[in-house]
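Visitor: Would you mind keeping the following structure in view while I ask a few things?
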């Protein structure tokens with residue numbers, strides 16, 4: 026786990042996150058990993074939901090819960106590169122650049 030946290034800290038430093046933000050993110054990421062291991066949760070979505078519900082049940086402020094969520098989202102998307110984005114359909118132009126220039130130059134005379 027120390028290796029993961031060290032890599033995360035390096036990435037945060039390279040992206041110029043402030044020391045307080047780095048400290049907070051590392052705290053909540055470590056909290057998430059420890060919580061998931063302790064509960065034996067393998068599914069990341071369920072783990073995140075359980076962590077946030079636990080914080081809510083302990084009456085943490087909404088800002089604290091949001092900070093924990095942002096830290097975990099950052100960890101999965103930027104450190105582990107575990108992102109699932111919707112794929113967009115490729116755009117195919119109806120005219121090539123050459124065809125466009127040909128039409129424009131032909132109409133300008």
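In this note's numbering, the protein residues as written are 26 to 134.
Glycine residues also receive a C-beta, built at the ideal position from the N, C-alpha and C atoms.
#1: Look at the Cβ atom of residue 75, then the Cβ atom of residue 67, and state whether they are nearer than 8 Å.
#2: Leaving out five residues on either side along the sequence, give the residues of the same chain with a beta carbon under 7 Å from the beta carbon of residue 110.
#3: Tell me the DSSP secondary structure of residue 108 in three-state form.
#4: Please name the residue, chosen from 77, 102, 60, that lies closest to residue 37 on a Cα-to-Cα basis.
#5: What does the Cβ neighbour count give for residue 125, buried or exposed, with the cut at 16 atoms within 10 Å?
#6: I need the straight-line Cα distance from residue 44 to residue 31, nearest angstrom please.
#7: Work out the CA separation of residue 81 and residue 199 for me, nearest whole Å.
#8: Residue 82 lies in the alpha helix (DSSP H); which residues open and close that run?
#9: I'd like to know whether the C-beta atoms of residue 123 and residue 33 end up nearer to each other than 8 Å.
#10: Which of helix, strand or coil does DSSP assign to residue 44?
#11: Excluding the 5 residues flanking residue 55 on each side, which residues of the same chain have their C-beta closer than 8 Å to its C-beta?
Guide: By the coordinates alone:
#1: Walking along the chain shown from the start, residue 75 turns up at place 50. Walking along the chain shown from the start, residue 67 turns up at place 42. Taking 8 Å as the Cβ cut-off, residue 75 and residue 67 do not qualify as a contacting pair.
#2: Along the chain shown, one-based indexing puts residue 110 at 85. Note on residue 110: pLDDT 49, under 50, position unreliable in the model; the coordinate value appears next. There are no such residues.
#3: Here the question's residue 108 lines up with position 83 in the chain shown. Since pLDDT at residue 108 reaches only 49, below the 50 mark, its modelled position is unreliable, and the value read off the structure follows with that caveat. Coil, per DSSP.
#4: One-based indexing of the chain shown puts residue 37 at position 12. Cα-wise, what sits closest to residue 37 is 102.
#5: Along the chain shown, read from residue 1 onward, the residue named residue 125 stands at position 100. Label assigned to residue 125: exposed.
#6: As a first step, residue 44 must be located in the chain shown, where it is residue number 19. As a first step, residue 31 must be located in the chain shown, where it is residue number 6. Whole-angstrom Cα-Cα distance: 14 Å.
#7: The chain is shown from 26 up to 134; residue 199 falls before or after that span and cannot be answered.
#8: Against the chain shown, residue 82 aligns to sequence position 57. Where residue 82 is concerned, the enclosing alpha helix (DSSP H) stretches over 69-82.
#9: The residue you call residue 123 lines up with position 98 of the chain shown. The residue you call residue 33 lines up with position 8 of the chain shown. Going by C-beta atoms, residue 123 is not nearer than 8 Å to residue 33.
#10: The sequence position of residue 44 within the chain shown is 19, counting from 1. Helix, per DSSP.
#11: Within the chain shown, residue 55 is the residue found at index 30, counting from 1. Correct list, in chain order: 26, 30.
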